[in-house]
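Inspection log for the structure reproduced underneath, given as structure tokens.
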Amino acid sequence: MPANDPHDSTSPSPLLTLGHPLLRQVAQPVDAVEDPSVQRLIDRLLLAVQAANGVGIAAPQIGQPVQVVVIASRPNLRYPRAPLMPPTVLVNPRLVAASEDTELGWEGCLSVPGWRGRVPRHRTVEVDYLDRHGRPHRQVWEGFVARIFQHEADHLVGKLFLDHVRSETDRLSETAYQAMEISSLGK
Ligand SMILES: [Zn+2]
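If you number the sequence shown the way my numbering does, the last residue is 191 and the count never jumps.
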């Protein structure tokens with residue numbers, strides 16, 4: 005990580021988009037969570053996910069190939085039905101266990117603007133991670149939040165949700181997806 009961070013902490017970092025090679029790279033574990041450069045990176049991720057109406061973000065998306073993600077499910081313009089949770093920082097996350105049963109659900113990605121895909125994910129996951137103070141946690145998530153975790157964990161191994169789309173009918177433009185969402189609201 006560069007010693008001189010070119011981004012200040014008040015304006016959202018630019019997001020890399022599909023085609024950028026860093027999105028396909030395997031991210032490295034963080035050695036020292038308390039390092040100021042790691043703390044700045046975490047602040048930038050928290051700012052970027054909120055500014056972009058995301059529900060999660062991974063460090064490679066802002067050009068840092070290290071194992072830090074934020075999961076921040078909340079109802080917003082892009083995900084009106086997302087459950088509300090406090091933004092959670094995960095450093096060096098490890099999948100400990102996952103349910104055998106999977107479910108299909110729609111996802112988007114801040115690095116794949118304009119597209120949504122319906123992909124299978126484990127219904128529940130159990131995850132080990134460090135928080136931003138370096139404290140270890142073990143957490144179980146289910147449903148949409150488990151889905152976000154799996155999406156963000158994919159970013160740390162260079163995968164994108166598009167890689168999991170299995171048929172043409174499971175891929176929609178953002179416009180078509182929003183039209184489908186609006187027509188299904190209230191049903
Ligand atoms: Zn993503």
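Each residue gets a CB set at the ideal place from its N, CA and C atoms; glycine is no exception. Everything numeric in this text was worked out from a predicted model, so none of it was measured.
Return yes when at least one heavy atom of ligand 1 lies under 7 Å from the C-beta of residue i, else no.
{"i": "Ser-17", "result": "no"}
{"i": "Ser-115", "result": "yes"}
{"i": "His-24", "result": "no"}
{"i": "His-159", "result": "yes"}
{"i": "Pro-155", "result": "Contrary to the premise, residue 155 reads as His rather than Pro in this sequence. Yes, Cβ of His-155 sits closer than 7 Å to a heavy atom of ligand 1."}
Measuring straight from C-alpha to C-alpha, what distance separates residue i and residue j?
{"i": "Arg-82", "j": "Gln-154", "result": "18 Å"}
{"i": "Gln-65", "j": "Arg-175", "result": "21 Å"}
{"i": "Pro-33", "j": "Pro-97", "result": "9 Å"}
{"i": "Pro-87", "j": "Val-74", "result": "15 Å"}
{"i": "Asp-35", "j": "Glu-185", "result": "42 Å"}
{"i": "Pro-18", "j": "Ser-103", "result": "35 Å"}
{"i": "Pro-79", "j": "Phe-148", "result": "12 Å"}
{"i": "Ala-7", "j": "Ser-41", "result": "Unreliable placement is indicated for Ala-7, whose pLDDT of 41 sits below 50; the coordinate value is still reported in the next sentence. The straight-line gap from Cα to Cα measures roughly 7 Å."}
{"i": "Leu-22", "j": "Gly-118", "result": "11 Å"}
{"i": "Tyr-181", "j": "Arg-151", "result": "18 Å"}
{"i": "Leu-166", "j": "Pro-140", "result": "31 Å"}
Secondary structure at residue i, three-state DSSP: helix, strand or coil?
{"i": "Ala-76", "result": "coil"}
{"i": "Leu-81", "result": "coil"}
{"i": "Leu-20", "result": "coil"}
{"i": "Ala-101", "result": "strand"}
Query - Segments of 3+ residues assigned as beta strand (DSSP E) that fall wholly inside the segment 25-54 - result: Taking only runs of at least 3 residues, no beta strand (DSSP E) segment lies wholly in the segment 25-54.
Query raised in the report: Mind pulling the beta strand (DSSP E) runs of 3 or more residues that sit fully within the segment 135-171?
Result: 140-146
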